[in-house]
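Some notes on the structure that comes next.
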Amino acid sequence: MSKDRAKDVQVFPVADDTRVLRSRTWDRLKFEIEYSLQKGTTANSYLIEGDKKALVDIPGESFTDIFLNALKERIAPQQLDYIILGHINPNRASTLTKLLEIAPQLTIVCSNPAAISLQKILEDQELNITVIKKEDTLDLGQGHNLEFILTPNPRYPDLMCTYDPVTGVLYTDKLFGMHVCGDRVFDEGWTVDTEDRRYYFDCIMAPHAKQVKTALEKIAEKSAKIYAVGHGCLVKYSLKELTSDYQTWLSNQKELSISAALIYASAYGNTTTIAQAIARGISKAGVRVESINAEFADPDTIKQAVENASGFIMGSPTLGGHAPTQIQTALGTVLANTNKTKLAGVFGSFGWSGEAIDILESKFRNAGYSFGFEPIRVKFKPTDAVLKSCEEAGTDFAQALKKAQRARKPKTVSGTSQTARTEQALGRIVGSLCVVTTKQEELSGAMLASWVSQATFNPPGLTIAVAKERAIESLLHKGNSFVLNILQQGNHIGLMKQFLKPFAPGEDRFQDVELETANNGCPILSDALAYVECRIANKMECGDHWLIYATADLGKLLQSEGVTAVHHRKSGDRY
């Protein structure tokens, strides 16, 4: 199916009396870090037709018209009794507004935080809302006695799952999803989804590991046969495997010894998006994130988080020249309960001025805190480039926390233990010095690499090991292209220094470097010995690195007489 195909709605039976309406697009809808794989998305809604009729979840305004048209083809909206919202935001509320215009009889079923949000977003409308409490049910007849599970987290404080015991369908909204558009309704051949599911988890779920773990414990009490997710194909064939993967990934987060507290509030969603990008950067570098939405957290929660964390970051919008009351309260809690040796960070978004960010920065600087990155100020909605620099800032913050932890550890005499001797032996494996370069629309990246090896003859292919914390890692996913620039002995020092030096978040890696452009659109270093244009065919997680297997599409020798620069190491515990 062509990626240029217009948006559509795919309607398909899921279980008895139950259909999914998959609003689909092959385009990326908005600038958010979890969309950066750029494989499109589906916004799934579900229609349950018992004696009473219920619609579970609705898509955002990008799909409003085509969704309502598809719904009308199946049922007259006036026949609906309930709209069940697993999560609400202004984008979804736009669709809800149009639905209520043609179906004013609808009762909205949602969590209390969702009800509060709705009353703010749709303040001019009269709403019929049923607020769900613990162990509430809703009987639609014909056995569809729906059970509700409150599964809030800081990013989605209103999140709620719905379970239908007669069909075994668990409507999970944000849980277990992925942003991929395709024709598969269910997850046949689900192993192809592994990277997309993991990436979605890392972006959305990892910063809220504690709350997601609690949600999984609640869900485990149900005998679910299908996860009716909010995004991507429905989970049926890999339900046990995906649940197990989530538990493993959550456990990995818990085992991380260093943590950062990320405290924020958001007026229009932009500060939340920035927080998400920073959290992604921190977690990919092997540091656990505890994300806290100050709008819903009490002072004791914030106090405990900053006391336990190795560092903290605060983010705020600017409203009327000030930070919201919740951020002002959180600021007082942080200043009163956080050791001044802990690393700090500040970020925020604004429309016309950014006083709230200045206030946070000055308070922490005056209190004597050191900063893990320069304060991030974002005007209006963040772009892809801005979000990439925010992710890099989060990685810098995590690396600073890890460096501080290493400095506190007592030094050991090298070479005396079996581990040290093994590392010395491992370090004798030599690798060619190369620079990996890539470009995707406005984003570009580069890194020095020496863990490179030819892997296959047919097709011609190679492997590269990429540390999870590398900035370029976010641009190296299955299907993406890059260029492997092989450096020439005797002419490699300048390029090696260029790509070894630390870059500030968002800094141009190619400044003052002579470049050409490959057929795949990625940069070629003109002074390289040779280059190979590659496409990523597979990606495997290996401890603190990703092992990338790529096929070679094109290649060229730029210097016919040169030899490859080689990297000799003394230890296998560092580059």
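Heads up, the sequence shown is in the UniProt record's numbering, so the first residue is 1 and it goes up one at a time.
Note that beta-carbon positions come from the ideal geometry of N, C-alpha and C, so glycine has one too.
Any non-hydrogen atom of the ligand NAP closer than 8 Å to residue i Cβ
{"i": "Thr130", "result": "Of the ligands one can find in the structure shown there are none, so the ligand NAP has no counterpart to examine."}
Three-state secondary structure (DSSP) of residue i
{"i": "Arg408", "result": "helix"}
{"i": "Gly461", "result": "strand"}
{"i": "Tyr575", "result": "coil"}
{"i": "Lys3", "result": "Because Lys3 sits at a pLDDT of 43, beneath the cut-off of 50, its placement in the model cannot be relied upon, and the point is left open."}
{"i": "Lys363", "result": "helix"}
{"i": "Ala275", "result": "helix"}
{"i": "Gly332", "result": "helix"}
{"i": "Phe148", "result": "strand"}
{"i": "Ile472", "result": "helix"}
{"i": "Tyr246", "result": "helix"}
{"i": "Lys570", "result": "coil"}
{"i": "Lys478", "result": "coil"}
{"i": "Phe397", "result": "helix"}
{"i": "Ala228", "result": "strand"}
{"i": "Gln304", "result": "helix"}
{"i": "Leu557", "result": "strand"}
{"i": "Phe201", "result": "helix"}
{"i": "Ala530", "result": "strand"}
{"i": "His322", "result": "strand"}
{"i": "Ile132", "result": "coil"}
{"i": "Thr25", "result": "strand"}
{"i": "Ala504", "result": "coil"}
C-beta atoms of residue i and residue j nearer than 9 Å
{"i": "Asn128", "j": "Ala215", "result": "no"}
{"i": "Val435", "j": "Ala528", "result": "yes"}
{"i": "Leu55", "j": "Tyr82", "result": "yes"}
{"i": "Thr437", "j": "Ile376", "result": "no"}
{"i": "His545", "j": "Val452", "result": "no"}
{"i": "Ala294", "j": "Gln326", "result": "yes"}
{"i": "Asn520", "j": "Val566", "result": "no"}
{"i": "Ala356", "j": "Phe373", "result": "no"}
{"i": "Gly168", "j": "Ser223", "result": "yes"}
{"i": "Glu533", "j": "Asp553", "result": "yes"}
{"i": "Phe312", "j": "Gly345", "result": "yes"}
{"i": "Leu150", "j": "Leu159", "result": "yes"}
{"i": "Ile58", "j": "Thr95", "result": "yes"}
{"i": "Thr517", "j": "Arg535", "result": "no"}
{"i": "Leu335", "j": "Gly348", "result": "no"}
{"i": "Pro207", "j": "Thr271", "result": "no"}
Bridge-paired residues (DSSP) for residue i
{"i": "Val378", "result": "Ser349"}
{"i": "Thr564", "result": "Gln488"}
{"i": "Cys542", "result": "His545"}
{"i": "Tyr82", "result": "Ala54, Thr107"}
{"i": "Thr162", "result": "Phe148, Tyr171"}
{"i": "Thr551", "result": "Gly461, Arg535"}
{"i": "Val20", "result": "Phe12, Tyr46"}
{"i": "Met178", "result": "In DSSP, Met178 forms no bridge with anything."}
{"i": "Gly431", "result": "His567"}
{"i": "Leu343", "result": "Gly311"}
{"i": "Phe186", "result": "Leu234"}
{"i": "Thr419", "result": "Answer by DSSP bridge pairing: none, since Thr419 is not bridged."}
Residue i: first and last residue of the uninterrupted beta strand (DSSP E) it sits in
{"i": "Ser259", "result": "259-264"}
{"i": "Leu237", "result": "It is worth fixing the name first, because residue 237 is Tyr in this sequence and not Leu. First-last for Tyr237: undefined, no H or E at that position."}
{"i": "Glu516", "result": "515-517"}
{"i": "Thr137", "result": "137-139"}
{"i": "Pro523", "result": "523-525"}
{"i": "Tyr35", "result": "Careful: Tyr35 lies outside any beta strand (DSSP E) and carries neither H nor E."}
{"i": "Glu290", "result": "288-293"}
{"i": "Ala455", "result": "452-456"}
{"i": "Gly494", "result": "That residue, Gly494, is in no beta strand (DSSP E); its alpha helix (DSSP H) goes 493-500."}
{"i": "Pro317", "result": "311-317"}
{"i": "Ala449", "result": "443-449"}
{"i": "Lys439", "result": "434-440"}
N- and C-terminal bounds of the alpha helix (DSSP H) containing residue i
{"i": "Pro113", "result": "112-121"}
{"i": "Phe373", "result": "That residue, Phe373, is in no alpha helix (DSSP H); it is neither H nor E in DSSP."}
{"i": "Asn69", "result": "64-74"}
{"i": "Pro13", "result": "Careful: Pro13 lies outside any alpha helix (DSSP H), inside the beta strand (DSSP E) at 8-15."}
{"i": "Gln94", "result": "According to the sequence displayed, residue 94 carries Ser and not Gln. It spans 90-102 - the alpha helix (DSSP H) in which Ser94 sits, taken as one unbroken run."}
{"i": "Gln211", "result": "209-219"}
- Touch check for the segment 126-140 and the segment 94-114: three-plus C-beta pairs under 8 Å? Touching, yes.
- Answer yes if the segment 34-48 comes into contact with the segment 230-240, meaning at least three C-beta pairs across the two stretches below 8 Å, and no otherwise. A contact between stretches requires three or more CB pairs, one per stretch, nearer than 8 Å, and the segment 230-240 meets this requirement with the segment 34-48.
- At least 3 beta-carbon pairs within less than 8 Å: the segment 62-75 vs the segment 15-26: Judged by Cβ distances under 8 Å, the segment 62-75 makes contact with the segment 15-26, as three or more pairs qualify.
- Query: Does the segment 478-498 touch the segment 354-369, meaning 3 or more C-beta pairs lie closer than 8 Å?
  - Reply: They do not touch, by the three-pair rule.
- Count the CB pairs spanning the segment 447-462 and the segment 393-407 that are closer than 8 Å, and state whether there are at least three. Short answer: they don't touch.
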